[in-house]
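Under our numbering, the first residue of the first sequence carries the number 596, and numbering increases by one thereafter.
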Amino acid sequence: MKIATWNVNSIRIRVDAAVAWLKEAQPDVVALQELKCTDDQFPKEPFEALGYNCAVHGQKTYNGVAILSKRPMEDVTPRLPGGDGDDHARYIEAIVPGEKGVVRIASIYAPNGNPIGTDKFTYKLGWLERLRARAAAILKLEEPAALMGDYNVIPTPDDVYDPKAWLKDALFQPESRSALRRIEALGYTDTIRACHAEPHLYTFWDYQAGAWQKDHGIRIDHIMLSPQAADHLKSSGIDKHVRGREKPSDHVPVWCELEI
DNA sequence: ATGCCGACAGGATGTCGA
Numbered sequence: 596m597k598i599a600t601w602n603v604n605s606i607r608i609r610v611d612a613a614v615a616w617l618k619e620a621q622p623d624v625v626a627l628q629e630l631k632c633t634d635d636q637f638p639k640e641p642f643e644a645l646g647y648n649c650a651v652h653g654q655k656t657y658n659g660v661a662i663l664s665k666r667p668m669e670d671v672t673p674r675l676p677g678g679d680g681d682d683h684a685r686y687i688e689a690i691v692p693g694e695k696g697v698v699r700i701a702s703i704y705a706p707n708g709n710p711i712g713t714d715k716f717t718y719k720l721g722w723l724e725r726l727r728a729r730a731a732a733i734l735k736l737e738e739p740a741a742l743m744g745d746y747n748v749i750p751t752p753d754d755v756y757d758p759k760a761w762l763k764d765a766l767f768q769p770e771s772r773s774a775l776r777r778i779e780a781l782g783y784t785d786t787i788r789a790c791h792a793e794p795h796l797y798t799f800w801d802y803q804a805g806a807w808q809k810d811h812g813i814r815i816d817h818i819m820l821s822p823q824a825a826d827h828l829k830s831s832g833i834d835k836h837v838r839g840r841e842k843p844s845d846h847v848p849v850w851c852e853l854e855i
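What follows is the structure, given as C-alpha cells:
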C-alpha cells in the first residue's frame, strides 16, 4: 500500500495539480491539508473519477483536512479529541483496508503558532499535546497506523537550510520540537528519517524571496508510523519536483510504501 | 528590513500562512 500526505494550500485552486500528481504517483491513500474550503465546496468529482473515495473535514477559508482512499474507508472520525470549543478543522481519522490488513490513517494539520509569545503559540503547543494523547491511545490498539500531515515542526537543525534564520520562529522552538519528540518517543517512526540517512531533505519552500530557487526549504510534513506499520515499511520519499511546476503549493507530497 | 508571495473574502485591503 502506498500512502502519502500533501498540504495543498487550497484544494480548489490545486485541483489540476493534484490530479496530475495522483495520476503519476498512484497512491492508494492520500492525506490532504489546508483545503481552505467547506465540505460542500470540496471538488470531489475529479478525485472520484480517478477512483478515490473522499472523507472531508472542511472549514470556510482556513484549515480543512481530508483523506482520499481507493478502497472504501471505515470509522471516519473528524476532530481531534479534547480542546473544548476548538472549531478548527485540523484532524480526520479513518480505517483503510489493504491487501493484507487494515491501516488507521490520520490527516493532520497542526497549528502554525506564530508569533511566539502569543495565544497562537500556546494553542499550537496545546494542540500538539492533544495529538500526543491521541497518538498514545492509538498505540494501545496495537495496529498499523500512520499519523501523517503538516506538523508545522522542524524536528532538528538538519531539517532546515539555515537553523539560525528560524530560531525565533514557532516551527523551530524548543517547545515545538519537544512536542514532536514526545510523539516519536511513544514509539512512532518518522519514515523519511528511517529511510534516508542524508540531512537537508525538505517538504516546504516559501513562495517569497526565491526560497525554492535557492533551496531554502524546511522539513515539516511527516509520516509517523506505529510499530505495527513500521514493521512493514518498504520505502519513503518526497516528491520534490512537484514544487517546480505551474501554480505549485508551497508544500510537496511525502509518501511511503507499506507491505500491508 | 519582519517584507518579499499567495489564497481568501469581498469588492479595498486586511488576515493568515511558515
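A virtual CB, placed ideally from N, CA and C, is assigned to each residue, including glycine.
Provide the residue(s) that pair with Gln628 in DSSP beta bridges, ordered along the chain.
Asn602 and Val660
In three-state DSSP terms, what is Lys719?
helix
Roughly how many whole angstroms lie between the Cα atoms of Gly678 and Lys719?
11 Å
Gln803: buried (16+ other C-beta within 10 angstroms of its C-beta) or exposed?
exposed
Rounded separation between Cys632 and Asn658 - CA only:
8 Å
Beta carbon of Leu775, beta carbon of Ile833: below 7 Å?
no
So the candidates are Gln628, Ile855 and Leu645; which of them puts its Cα closest to the Cα of Gly653?
Gln628
Excluding the 5 residues flanking Val697 on each side, which residues of the same chain have their C-beta closer than 6 Å to its C-beta?
Ile690
If you compare alpha carbons, which of Ala789, Ser773 and Arg814 is closest to Asn602?
Arg814
Do Val614 and Ile598 have their C-beta atoms closer together than 7 Å?
no
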